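When we follow the working numbering, the leftmost residue of the sequence shown carries the number 9, and every step to the right adds one. In this text, a Cβ means the ideal position worked out from N, Cα and C, and glycines have one as well. Note that the coordinates shown come from a computational prediction; the quantities given were computed from them, not determined experimentally.
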Amino acid sequence: MENSVTTERRLVDTLTLPNGLEVFFYDCSRKVAGDRWYVCLTVEIPIPVQKDHFRGQSDPEKAYGEFTQAFGDTYVFLQKKERNFIDEKEVQTLLQAMKDDFIKNNLSYVGKAQFPMLCIKKAYSEWKEQQKWKVLHEEAIRVADSGE
């Protein structure tokens, strides 16, 4: 692995979950100084967005359309595990431990049949909240700029 300003990622493993989703483990580590490394394991789970993920919304069709317009047909669940200033000799061992830790602590949750729907619902709710704040922020800027 070479030291670079942009972090490259290297696929180190994949895992198929009981619910059919795939987990991708990426090594995004890089050398920072001498024999010291920033160690980063990125875990991604692509989730195909389906209309039934929006059941329970006041307008499921509209919610599905808004979400897919913002995120596309696939939403990616993402989790990063990071450690700084790690000795070069410990990088591979630490990456494996991070991966094992994710599997031990998250597999039962992300492998559930309900996980895709729960994840999409949470992402939609968070996105809607961000949109509300964005509108309020833009309105505050407009008012401040106009001197109202």
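With DSSP as the reference, label residue i as helix, strand or coil.
{"i": "Asp67", "result": "coil"}
{"i": "Asn114", "result": "helix"}
{"i": "Val99", "result": "helix"}
Going by C-alpha distance, which of the options is nearest residue i?
{"i": "Asp60", "options": "Lys136, Val51 and Lys70", "result": "Lys70"}
{"i": "Ala105", "options": "Asp67, Asp35 and Val57", "result": "Asp35"}
{"i": "Gln77", "options": "Glu30, Lys136 and Leu23", "result": "Lys136"}
{"i": "Glu16", "options": "Cys48, Val99, Ile149 and Gly28", "result": "Cys48"}
{"i": "Tyr83", "options": "Tyr46, Ala131 and Gly155", "result": "Ala131"}
{"i": "Ile128", "options": "Thr22, Asp81 and Val151", "result": "Asp81"}
{"i": "Leu192", "options": "Val118, Val151 and Asn114", "result": "Missing from the structure shown is residue 192; the chain here goes from 9 to 156 and no further."}
{"i": "Gln87", "options": "Asp67, Phe110 and Gln100", "result": "Phe110"}
Taking Cβ to Cβ, would you say residue i is nearer than 9 Å to residue j?
{"i": "Ile55", "j": "Val31", "result": "no"}
{"i": "Phe89", "j": "Val51", "result": "The sequence given here places Lys at residue 89; Phe does not occur at that position. Yes. Within cutoff."}
{"i": "Val20", "j": "Leu103", "result": "yes"}
{"i": "Phe33", "j": "Thr22", "result": "yes"}
At the level of alpha carbons, what is the spacing between residue i and residue j?
{"i": "Gly64", "j": "Gln58", "result": "14 Å"}
{"i": "Ser12", "j": "Arg38", "result": "Unreliable positioning characterises Ser12 in this predicted model, as indicated by a pLDDT of 43, which lies under 50. The coordinate reading is nonetheless provided below. Spanning the two alpha carbons is a distance of roughly 7 Å."}
{"i": "Phe62", "j": "Gln139", "result": "18 Å"}
Checklist entry - Is the stretch 117 to 127 close to the stretch 93 to 106, with three or more CB pairs under 8 Å? => result In short, these stretches do not touch, since the Cβ pair count stays below three.
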